[in-house]
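Student: Take 6 as the starting number for the sequence shown in the working numbering and just add one per residue.
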Amino acid sequence: MPRSSRQGGRALAVALLTGTLLAGPAAHAAGPLRVGGAVLEPVAVSALPGFPGADPAAALDAFRRVCAAPAPAVPAPPTVAGSAPDLAAACAAAAGTPPERAGAFFAERFDAYRVVRPAEGQDPERRTGFLTGYFEPELEGSLTPTPGYAAPVLARPDDLVSLAPGEVRPGLDPSLRAARAVGDRLEPYPDRAAIEDGALGPRARPLLWLRDRVDLLVLQVQGSGRVRLPDGSGVRVLYDGRNGRPYTAVAKLIVQEGHLPLDGLTLARWTAWMRQNPETARRLIRANASYIFFRLAPVADPALGPQGAAGAPLSPGRSLAVDANLWRYGLPFWLEGRLPGGTPPEAGRLVVAADTGSAIVGPARGDLYLGTGAEAGIAAGNLRDAVGFVVLLPKPASGTGADPAAGPGR
């Protein structure tokens, strides 16, 4: 992680006390801004306790990485929050921002909005969302199917057609996010059980083999991983598509069937239970219809994570998976609440939207990337907290004439 920017933090604190920072956007003349059923409530950064948090330079580095990434293969829906031209202007400004001015950069180039679920019917107003954590597992594998390595990691088949967010194809169930190309038509892609039973035929191309189906499940749930090979070298295994079927959490099934209690359920505990009960584990794993395909890549920088959906390497503790149907990649968020890894404990943290996931749905739902290996896995498993979400929308680029309070979707 980049070094701490103590000087920049002190300068920002002085600005907060003297009122020299921008107070935030004015109320929108046409009514409140909304994203995914939530209201975006304008808030001054001076009203955010602890802002910009410890080491804002780390958030600036994460922001720059997303800025430098190539455009995603699947374009963002036109309704996502955050102006692309204004975000590009902020990216250009970030390139010349020194680390000691990182906090001031986010305060000056963005307007803050608290994501609020308004009261509706019997549901009270909610100013907090839900934050979980994910990580990059370290697993053992082999490039050949030798004894002790029995679970193939499959490459993306050439007949897999991924659907963009919100895209619907005639004749396909709208809930499916991928399809199989059969001649000039599309049909549902085989589910996990069918793939395990050989439905892909010669299109099932193993990249490498892991120890067992439990390791494969962990890799698929996390979406990527590092694999140590028998010769001591390592390779990164990256997400390269899914069959588009609905995801079912196997750990949830274990609890529902009474095999393990929810209290104290950790990744290590439920994976150990599955290895002790292989036949039941096989049945439960096959109940998860979703199946992930991968590609291989070298480990370019061991300090960074795999490439996220935004096309940039993930930054431990700073890269956030969001609902890509609602938020544009690259948007900074201020998370209000208890977060792992903060010493001393933080009142909040600046993070950057850099990834997504099938279980990350809604305007106040996030998944924080926490790093590689067992320690990161423990932290990720323990992070299931209610936190406040404050999105930072880029201010209009100079000369655009745009409404400074108009955030989403313009």
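Where a beta carbon is used, it is the ideal one built from N, C-alpha and C, also for glycine.
Taking the continuous beta strand (DSSP E) assigned at Pro47, which residues delimit it?
Tutor: That run of the beta strand (DSSP E) goes 43-48.
Student: From this set, Phe111, Arg182, Glu351, which residue's C-alpha is nearest Val79's C-alpha?
Tutor: Closest option to Val79, Cα to Cα, is Arg182.
Student: Ignoring anything shorter than 4 residues, give me the alpha helix (DSSP H) runs that lie fully in the region 208-284, in order along the chain.
Tutor: DSSP runs (the alpha helix (DSSP H)) wholly in the region 208-284: 218-227, 255-261, 272-281.
Student: For Cys427, which residues from the same chain have a beta carbon less than 7 Å from its beta carbon, with the 5 sequence-adjacent residues on both sides left out?
Tutor: An answer regarding residue 427 cannot be provided, because it is not within the stretch 6 to 415 covered by the chain.
Student: Where Arg250 and Thr102 are concerned, what is the direct C-alpha to C-alpha distance, given to the nearest angstrom?
Tutor: Each residue's Cα considered, the two are about 43 Å apart.
Student: Are the CB atoms of Thr361 and Glu141 nearer to each other than 8 Å?
Tutor: The answer is no: Cβ separation not under 8 Å.
Student: Taking the C-alpha atoms as reference points, what is the distance between Asp328 and Glu145?
Tutor: Going from the Cα of Asp328 to the Cα of Glu145 covers about 31 Å.
Student: Straight-line CA distance for Pro352 to Val158?
Tutor: What sits at residue 352 in the sequence shown is Ala, not Pro. Between Ala352 and Val158, the C-alpha separation is close to 41 Å.
Student: Pop quiz: Arg208 and Pro162 are said to be a contact at Cβ under 8 Å. What is the actual Cβ separation, rounded to whole angstroms?
Tutor: So it is a contact: roughly 4 Å between Cβ atoms.
Student: Would you identify the three-state DSSP class for Leu336, choosing helix, strand or coil?
Tutor: Coil.
Student: Return helix, strand or coil for Gly386, following the three-state DSSP convention.
Tutor: Here Gly386 sits in helix by DSSP.
Student: In whole angstroms, what separates the C-alpha of Leu26 from that of Ala76?
Tutor: Per-residue confidence for Leu26 stands at a pLDDT of 28, beneath the threshold of 50, marking its modelled position as unreliable; no derived number is given.
Student: Return the chain-ordered list of same chain residues with a C-beta closer than 6 Å to the C-beta of Ala16, the five sequence neighbours on each side being excluded.
Tutor: Unreliable positioning characterises Ala16 in this predicted model, as indicated by a pLDDT of 29, which lies under 50. The coordinate reading is nonetheless provided below. Counting only Cβ-Cβ distances below 6 Å, and skipping sequence neighbours, we find nothing.
Student: Whose C-beta lies closer than 8 Å to the C-beta of Trp332 among residues of the same chain, with five residues either side of it excluded?
Tutor: Contacts found: Val40, Val85, Ala86, Gly87, Ala358, Pro368, Val396.
Student: Per DSSP, Asp372 forms a beta bridge with which residues?
Tutor: Its beta-bridge partners are Thr137, Ala326.
Student: From the DSSP output, in three-state form, read off Arg70 for me.
Tutor: Note: Arg70 maps to helix in three-state DSSP.
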